[in-house]
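Residue numbering for the sequence shown follows my numbering, starting at -1 and increasing by one per position. Quick reminder that beta carbons are idealized off the backbone N, C-alpha and C, glycines included. Step one of this worksheet: look at the structure below.
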Amino acid sequence: MSFTRDLSSPFQLNHCLLPLPPLLLSLFPLSGKFFIIRHVCRICHCNSKKPNTLIEFGVVIVSKVDLLDFVDWTGVECLNQGTSHSLANALKQGYREDDGLHLESDADEQLLIYIPFTQVVKLHSIAIKGPEEEGPKTVKLFSNKEHMGFSNVNDFPPSDTVVFSSDNLEGKPIVLKYVKFQNVRSLTIFIEDNQSGSEITKVQKLVLYGSTWMRREVETTDMKGLKKVEDH
C-alpha cells in the first residue's frame, strides 16, 4: 500500500475513509509537509472481531524534503570560505533567499563543505544557485567521509560528481545516484572549479533534498473516539 496525503487529511485504508488519528499527529508532529506512507499493517476497523480497536500499528513514513532541519550545525564546516561570505549565507533558511547574500571562496576557486546530519538520511538531489560566471561547475559529493581536506580530497572516489552548466545554476534540483546515498550520516561537497575559471566561486543557494525514516509501533489502542467519515 502506497499513497500520498497531507498528515491532516483523511486517508483511504482497509476500505474505510478515516480521519488521521490524533495519535499519529502526536507521534509525527510535522505539519505542513507531505509524506508518503509506504507500509501500514493490521489496522482492524471493518473486518475485525474487535472493531474500533487498533491491534497493531506499524508505520514507516518516508518524506522527500529539504534536509535543512536535519543538519547538525555544530559540526558544519566550510574550508576556504570568505570571512564575510560564509556558508550560512547559502545554506540557512532566510539567508539563502536573500539575493544580496552568498557564499564566496577566499584564496582560490575551491570550496570544501562538510555537513553532518542529526540522523541517518537518504540523499535524493542537490540544488545550487549561483552567478553565470562565478557559479560552481564541477561538484563532487562524498557520503560519510570525515576529516577530508584539500590535501586528500582527490585520494577518494566521490559517491557522485555533478558538472553544472550555467543553465542549471538556477536552483533547480539535480537528481543524484540515489543508490550511493542510502545511509548518509554526513556529506562532504567539494566544489572543484567554477564556470569561468576565475579564482572566486560564489554560491547563492545550496539545498539538499532527501528522505528521512521514522518507525513507531503502538498496540491495543482504543479508536472509538474516531469519527468515521464514510461507511462502506
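For HIS100, I'd like the list of residues in its chain whose CB is within less than 7 Å of its CB, leaving aside the five on either flank, ordered along the chain. HIS83, ASN87, ALA88, LYS200, VAL201 and GLN202
When GLN91, ARG94, SER157 and TYR207 are compared against ASN142, the one with the closest alpha-carbon: SER157
Let me check one thing: in DSSP terms, what residues is VAL74 bridge-paired to? Note: VAL74 is not bridge-paired with any residue in the DSSP secondary-structure output.
Contacting residues, own chain, Cβ-Cβ under 6 Å from THR94 (five flanking each side not counted): Correcting the residue identity first, residue 94 is Arg in this sequence and not Thr. Excluding sequence neighbours, ARG94 sits near ALA88 and LYS203.
By Cβ distance below 6 Å, which residues in the same chain neighbour LEU23 in space, the five residues on each side in sequence not counted? At LEU23 the pLDDT is 40, less than 50, meaning the model places this residue with poor confidence and gives no usable figure here.
Looking at the unbroken beta strand (DSSP E) that takes in LEU110, where does it start and where does it end? Element bounds for LEU110: 109 to 127.
Where LYS178 sits in the DSSP three-state scheme: helix
For ILE189, which residues in the same chain have their Cβ closer than 7 Å to its Cβ, ignoring the five residues on either side in sequence? For ILE189, where only same-chain residues beyond five positions count, the Cβ hits under 7 Å are GLN108, LEU109, PRO134, VAL137 and THR199.
Please report the distance separating the alpha-carbon of PRO129 from that of SER163. 11 Å
Sequence-distant residues of its chain with Cβ nearer than 6 Å to GLU197 (five each side left out): ASP106 and GLU107
If you drop the 5 nearest sequence neighbours on each side, which residues of the same chain put their C-beta closer than 7 Å to that of GLU168? LYS127
Roughly how many angstroms lie between the CA atoms of VAL74 and PRO114, to the nearest whole one? When only Cα atoms are considered, VAL74 and PRO114 end up about 6 Å apart.
Close-in-space but distant-in-sequence residues of the same chain around GLN117 (CB under 8 Å, 5 per side omitted): PHE68 and THR210
Looking at the structure shown, is ARG214 part of a helix, part of a strand, or coil, going by DSSP? With a pLDDT of only 48 at ARG214, under the threshold of 50, the placement of this residue in the model should not be trusted, and no figure is reported.
Throw me the rounded Cβ distance for the GLY195 and LEU121 pair, which I believe falls under 8 Å. Not really, about 29 Å apart at Cβ, beyond 8 Å.
Reducing DSSP to helix, strand and coil, say where LEU139 ends up. strand
Identify, in the order they occur along the chain, each residue of the same chain with its Cβ nearer than 6 Å to the Cβ of PRO171, setting aside the five sequence neighbours on each side. SER123, ALA125 and TYR207, listed in sequence order.
Report the CB separation of ASN192 from GLU102 in whole angstroms; it is logged as a contact under 8 Å. Going by Cβ atoms, the distance from ASN192 to GLU102 rounds to 11 Å, so no, they are not a contact pair.
What's the gap between the Cα of GLY80 and the Cα of THR72? 19 Å
Report the three-state DSSP secondary structure of ASN192 (helix, strand or coil). strand
Between the Cα of LEU77 and those of ASP104, PHE154 and VAL205, spot the shortest distance and give me the residue it belongs to. ASP104
Tell me whether SER157, by its Cβ, gets closer than 6 Å to a heavy atom of the ligand SAM. With respect to small molecules bound, the structure shown includes none, and the ligand SAM cannot be examined in it.
In the structure shown, what three-state DSSP assignment does LEU206 receive? strand
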